[in-house]
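Protein chains: 2
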Amino acid sequence: MGMNYSLLFVLLRAGAHERYVRLSTAELASRLEVSQQTSSRWLIQAQKEGWAERGLNGLRLTQKSLTELRLLCETLQASFESRKKTSIKGEVISGLKDGRYYVPLPEYKRQFKEKLGLSPYPGTLNIRIQDMEAKLILADRKGVTINGFSHQGRVLGEIKCFPCLIQKKIKGFVILPSRSHYGLDVLEVISKTNLRKALRLKDGDKVEISVSLE
Amino acid sequence: MGMNYSLLFVLLRAGAHERYVRLSTAELASRLEVSQQTSSRWLIQAQKEGWAERGLNGLRLTQKSLTELRLLCETLQASFESRKKTSIKGEVISGLKDGRYYVPLPEYKRQFKEKLGLSPYPGTLNIRIQDMEAKLILADRKGVTINGFSHQGRVLGEIKCFPCLIQKKIKGFVILPSRSHYGLDVLEVISKTNLRKALRLKDGDKVEISVSLE
DNA sequence: ATTACTAAAAGCCGAGTAG
DNA sequence: TCTACTCGGCTTTTAGTAA
Chain A
1 MGMNYSLLFV
11 LLRAGAHERY
21 VRLSTAELAS
31 RLEVSQQTSS
41 RWLIQAQKEG
51 WAERGLNGLR
61 LTQKSLTELR
71 LLCETLQASF
81 ESRKKTSIKG
91 EVISGLKDGR
101 YYVPLPEYKR
111 QFKEKLGLSP
121 YPGTLNIRIQ
131 DMEAKLILAD
141 RKGVTINGFS
151 HQGRVLGEIK
161 CFPCLIQKKI
171 KGFVILPSRS
181 HYGLDVLEVI
191 SKTNLRKALR
201 LKDGDKVEIS
211 VSLE
Chain B
1001 MGMNYSLLFV
1011 LLRAGAHERY
1021 VRLSTAELAS
1031 RLEVSQQTSS
1041 RWLIQAQKEG
1051 WAERGLNGLR
1061 LTQKSLTELR
1071 LLCETLQASF
1081 ESRKKTSIKG
1091 EVISGLKDGR
1101 YYVPLPEYKR
1111 QFKEKLGLSP
1121 YPGTLNIRIQ
1131 DMEAKLILAD
1141 RKGVTINGFS
1151 HQGRVLGEIK
1161 CFPCLIQKKI
1171 KGFVILPSRS
1181 HYGLDVLEVI
1191 SKTNLRKALR
1201 LKDGDKVEIS
1211 VSLE
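Chains A and B, in that order, are what the protein sequence lines are.
So the first sequence is numbered by my numbering: it starts at 1 and just counts up by one.
So the second sequence is numbered by my numbering: it starts at 1001 and just counts up by one.
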């Protein structure tokens, strides 16, 4: 029989981790949104299994409960405070050259300058990545959003950007266009400079992108 | 229908808060310690209620789940990081005078000096407290431990100490001897000075002890 | 391999109520 | 007041199994 999380959380909120608290089974029931009978039964069970104890002054959580809850707290914290940075590896590919079209569009350019402080080189460096999940992690994060717009009857979608360092040398941004022509295995990077030239990259070269998830 | 905590915690531990994770219902079942059929049913339910979603790449937690879990995380953190100080009130009593025997023992004295920076007055101030729960709170905390030892065939137990301020004036330590002769209603305090003299205390006088729980 | 349905058994819930 | 028992009804579980 596992622990009754709802009960433990209610007891914790009542302060039963540091002192005996006086809580009638009826009061407990209302906080748990169950009947008085059920809260009474749950409490008896929790006592039997060593999660809670009752004394003259009321209820309190046992050391066993506290250990368990503290562990849970750490698990939760670890999950939520997880990675602020990630490193993505892949190799340079040629791609469709469409970055050369959309990156220099005035509306995108204006927003790149305003939101990223970047006057981008007109084009993207395309990287085929090994770990596709990495792109999914980015897709989930907030990043900086460049708004979409219409241009000459064409709809240009929004772009999500993440600051990054290419080969640990040059600053740039990983961009995730909402209407990308690439799949999950290709990452697009923009920078002030022509990355291929500056880093002497050619198709097939291995590159490392250190991305800040902020 | 409330959320299924066990399921959410297992999914969180699997990393489903930041990406799709591939987990068969059988694998999930073994982690949840339920049958495959039950894990399948729970998952369907969680999906229906908007706690989890399934894509081609596996399972992941929804925003709704993350919001809920983050809130829970904060509750837990708040509970565990709670009070760093507490105030205990009571009145001076005479006690058994046994502090006069054990406080000055060289081994205890050495540790008091080393661990607390204290050369204690040979004796304890005994206080009958109104709120017995306060002592239980202390017993639960770590404090500073003075190790036990043997002396002339007698076993002297370990002592847990908490820095305190008596009457908001004089520094000292609340001590909790593991083999105390007192019950939960009596607190023993040591200090560099003779507290009775310095604060002009006599039996029955009200005192306030501000304890640092660290 | 996998998921999820059926159906019977097991377990849980809460109204009623005793102490 | 309060807690916790009984017991009929309802829900959840899991073995078996189909897809």
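Here a beta-carbon is modelled for each residue, glycine too, at the ideal position from N, C-alpha and C.
Practice item. Identify whether residue 92 (chain A) lies in helix, strand or coil by the three-state DSSP scheme. Key: Here residue 92 (chain A) corresponds to residue number 92 of the first sequence, with the count starting at 1. Strand, per DSSP.
Practice item. List the residues of chain B whose Cβ lies closer than 8 Å to the Cβ of residue 140 (chain A), in chain order. Key: For the purposes of this step, residue 140 (chain A) is taken as residue 140 along the first sequence, with counting starting at 1. In chain order: 1018, 1019.
Practice item. Please list the partners that residue 147 (chain A) has in chain B, where partner means a Cβ-to-Cβ separation under 9 Å. Key: Numbered from its first residue, the first sequence carries residue 147 (chain A) at position 147. What residue 147 (chain A) touches in chain B: nothing, since even the nearest Cβ is about 22 Å away.
Review point. What residue from B:1003, B:1172, B:1030 has the CA that sits closest to residue 1048 (chain B)'s CA?
Key: Stepping through the second sequence from its first residue, residue 1048 (chain B) is reached at position 48. If we check each option's Cα against that of residue 1048 (chain B), B:1003 comes out closest.
Review point. Since residue 1078 (chain B) contacts residue 1065 (chain B) with CB under 8 Å, what's their CB separation in whole angstroms?
Key: The residue you call residue 1078 (chain B) lines up with position 78 of the second sequence. The residue you call residue 1065 (chain B) lines up with position 65 of the second sequence. At roughly 20 Å, the Cβ-Cβ gap does not stay under 8 Å, so residue 1078 (chain B) and residue 1065 (chain B) are not in contact.
Practice item. Give every residue of the same chain whose Cβ lies closer than 6 Å to the Cβ of residue 223 (chain A), excluding the five residues on either side of it in the sequence, and list them in chain order. Key: Past the boundaries of the shown model lies residue 223 (chain A); chain A is included only from 1 to 214, so the question cannot be answered.
Practice item. Under 6 Å Cβ to Cβ from residue 1094 (chain B), same chain only, skipping five residues before and after it: list those, please. Key: Position 94 of the second sequence holds residue 1094 (chain B). Closer than 6 Å at the Cβ level, and outside the excluded window around residue 1094 (chain B), lie 1203.
Check your understanding: Can you list, in chain order, the residues of its chain whose CB lies under 7 Å from that of residue 1267 (chain B), leaving out five sequence neighbours each side?
Key -> Residue 1267 (chain B) cannot be examined here, being either before or after the span of chain B that is shown, 1001 to 1214.
Exercise for review: Establish whether the CB of residue 1013 (chain B) and some CB of chain A are separated by less than 8 Å.
Suggested key: Counting from 1 along the second sequence, the entry for residue 1013 (chain B) is found at position 13. Yes, residue 1013 (chain B) counts as interfacial toward chain A.
Check your understanding: Is residue 206 (chain A) helix, strand or coil by DSSP?
Key -> Looking up residue 206 (chain A) in the first sequence gives position 206. Three-state result, residue 206 (chain A): strand.
Exercise for review: Run down chain A in chain order and give the residues with a C-beta less than 7 Å from the C-beta of residue 1136 (chain B).
Suggested key: Numbered from 1 along the second sequence, position 136 holds the residue referred to as residue 1136 (chain B). What residue 1136 (chain B) touches in chain A: 19.
Review point. Looking at C-beta atoms only, is the number of pairs between the region 130-141 of chain A and the region 1015-1023 of chain B that lie closer than 8 Å three or more?
Key: yes
Check your understanding: In chain order, which continuous runs of the beta strand (DSSP E) of length 3 or greater are located wholly inside the region 100-188 of chain A?
Key -> 125-129, 144-146, 149-151, 154-156, 159-166, 170-177
Check your understanding: Cβ of residue 133 (chain A) less than 8 Å from any chain B Cβ?
Key -> As a first step, residue 133 (chain A) must be located in the first sequence, where it is residue number 133. True, the Cβ-Cβ gap to chain B drops below 8 Å.
Review point. DSSP three-state call for residue 1030 (chain B): helix, strand or coil?
Key: Numbered from its first residue, the second sequence carries residue 1030 (chain B) at position 30. If DSSP states are grouped into helix, strand and coil, residue 1030 (chain B) belongs with the helices.
Check your understanding: How would you list, in chain order, the residues of chain A whose beta-carbon sits under 9 Å from the beta-carbon of residue 1070 (chain B)?
Key -> Residue numbering aside, residue 1070 (chain B) sits at position 70 when the second sequence is read from its first letter. Under the 9 Å cutoff, chain A gives 76, 80.
Review point. Checking contacts by CB at 8 Å: is residue 161 (chain A) closer than that to chain B?
Key: Translated into positions along the first sequence, residue 161 (chain A) becomes position 161. Closer than 8 Å: no.
Review point. Could one say the Cβ of residue 1006 (chain B) lies closer than 8 Å to chain A's Cβ atoms, at least one of them?
Key: Start at 1 with the first residue of the second sequence, and residue 1006 (chain B) comes out as number 6. Chain A, which has a Cβ nearer than 8 Å to the Cβ of residue 1006 (chain B), makes this yes.
Point to revise | Unbroken beta strand (DSSP E) run spanning residue 1059 (chain B), endpoints | key: Translated into positions along the second sequence, residue 1059 (chain B) becomes position 59. Per DSSP, residue 1059 (chain B) belongs to the beta strand (DSSP E) from 1058-1061.
Check your understanding: Could you give the C-beta distance for residue 1199 (chain B) and residue 1170 (chain B), rounded to a whole number, given that I count them as a contact under 8 Å?
Key -> Working through the second sequence from its first residue, we reach residue 1199 (chain B) at position 199. Working through the second sequence from its first residue, we reach residue 1170 (chain B) at position 170. Right, their Cβ atoms sit about 7 Å apart.
Check your understanding: Near residue 1129 (chain B), which residues of its chain fall below 8 Å by C-beta distance, leaving aside the five closest residues on each side in sequence?
Key -> As a working note, residue 1129 (chain B) is residue 129 in the second sequence. Cβ neighbours of residue 1129 (chain B) beyond the five flanking positions: 1088, 1089, 1090, 1135, 1185, 1186, 1187.
Review point. Can you tell me where the beta strand (DSSP E) with residue 54 (chain A) in it begins and where it stops?
Key: Translated into the one-based positions of the first sequence, residue 54 (chain A) becomes position 54. Here the beta strand (DSSP E) through residue 54 (chain A) covers 52-55.
Check your understanding: Relative to the alpha-carbon of residue 24 (chain A), which residue among A:12, A:39, A:33 has its alpha-carbon at the smallest distance?
Key -> As a position in the first sequence, residue 24 (chain A) is number 24, starting the count at 1. Taking only the C-alpha atoms, the option nearest residue 24 (chain A) is A:39.
Point to revise | Residues in the region 1029-1051 of chain B having any Cβ partner in chain A nearer than 8 Å | key: 1033
Point to revise | Paired residues, beta bridge with residue 24 (chain A) - DSSP | key: Against the first sequence, residue 24 (chain A) aligns to sequence position 24. None; residue 24 (chain A) has no bridge partner.
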